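**Student:** In the working numbering, the protein residues as written are 1 to 166.
C-beta atoms are modelled at their ideal positions from N, C-alpha and C, and glycine is treated no differently.
What you are looking at is a predicted structure, and each value in this text was computed from that prediction instead of being measured.
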Amino acid sequence: MALNFRIGMGWDVHAFAEGRPLVLGGVTIPFDRGLLGHSDADVLCHALCDALLGAAALGDIGLHFPDSDPRYRGVSSLVLLEAVRDRIRGAGYGIVNVDVTVLAQKPKIAPYILPMRRTLARVLELAEEAVSVKATTTEGLGFVGRQEGIAACAVALLHKPQGAAS
Numbered sequence: 001m002a003l004n005f006r007i008g009m010g011w012d013v014h015a016f017a018e019g020r021p022l023v024l025g026g027v028t029i030p031f032d033r034g035l036l037g038h039s040d041a042d043v044l045c046h047a048l049c050d051a052l053l054g055a056a057a058l059g060d061i062g063l064h065f066p067d068s069d070p071r072y073r074g075v076s077s078l079v080l081l082e083a084v085r086d087r088i089r090g091a092g093y094g095i096v097n098v099d100v101t102v103l104a105q106k107p108k109i110a111p112y113i114l115p116m117r118r119t120l121a122r123v124l125e126l127a128e129e130a131v132s133v134k135a136t137t138t139e140g141l142g143f144v145g146r147q148e149g150i151a152a153c154a155v156a157l158l159h160k161p162q163g164a165a166s
């Protein structure tokens, strides 16, 4: 059976904030600051949600989970990612793979990549091999380099069998 493929890209940025835990890819990372946001501000999951929604032409995370809605105050972004996964499936798509890059000067992300991959694979119901997480610095440049926040970008590949309902 022939497959239709769709690619989506997502990008998100959150500023650092005192008194909040730092959550990336559903993993709490020890650090002196967390990220500012209506939910848990998991910038990695937010970028991934946008990549998945974009690939299926279903809008963006703000459309589905607006920060004006009190139901999403403090919510785990893994809950949002699960809901996005279900919307993708409801539109007749399967997730082939996802790839995320975190841009952070500090903290070092490398020790947490495997737990992030495992967590995302579990939530998306994918094999770990289908989930890539990478991290880089900006060599001291820009808001990331000045340690004002963290950014993430993501891509997702979806497939829909030929003739599948939309």
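Within 10 Å of its beta-carbon, does Leu53 have 16 or more other beta-carbons around it, so buried, or fewer, so exposed?
**Tutor:** Answer is buried; the Cβ neighbour count reaches 16.
**Student:** Less than 8 angstroms between the beta carbons of Gly140 and Gln105, yes or no?
**Tutor:** Yes, these two residues count as a Cβ contact at 8 angstroms.
**Student:** Reducing DSSP to helix, strand and coil, say where Glu148 ends up.
**Tutor:** Here Glu148 sits in coil by DSSP.
**Student:** To the nearest angstrom, how far is the alpha carbon of Ala47 from that of Thr101?
**Tutor:** Cα to Cα, the separation comes out at about 9 angstroms.
**Student:** Quick check: what's the CA-CA separation for Thr171 versus Asn97?
**Tutor:** As displayed, the chain neither begins before 1 nor continues past 166, which places residue 171 out of reach and without an answer.
**Student:** Given this structure, state the Cα-to-Cα distance separating Ala56 from Tyr112, to the nearest angstrom.
**Tutor:** Their Cα atoms are separated by approximately 29 angstroms.
**Student:** Taking the beta carbon of Ser68 as the centre, do at least 16 other beta carbons fall within 10 Å, making it buried, or is it exposed?
**Tutor:** Flag for Ser68 reads exposed.
**Student:** For the alpha helix (DSSP H) containing Ala55, name the first residue and the last one.
**Tutor:** Residues 43-55.
**Student:** Using only alpha-carbon positions, find the residue among Arg117, Val13, Gly92, Ile109 that is nearest to Leu78.
**Tutor:** Nearest of Arg117, Val13, Gly92, Ile109 to Leu78, Cα basis: Arg117.
**Student:** With three or more beta-carbon pairs closer than 8 angstroms as the criterion, would you say the region 58-65 touches the region 27-35?
**Tutor:** Touching, no, given that fewer than three Cβ pairs across the two stretches are closer than 8 angstroms.
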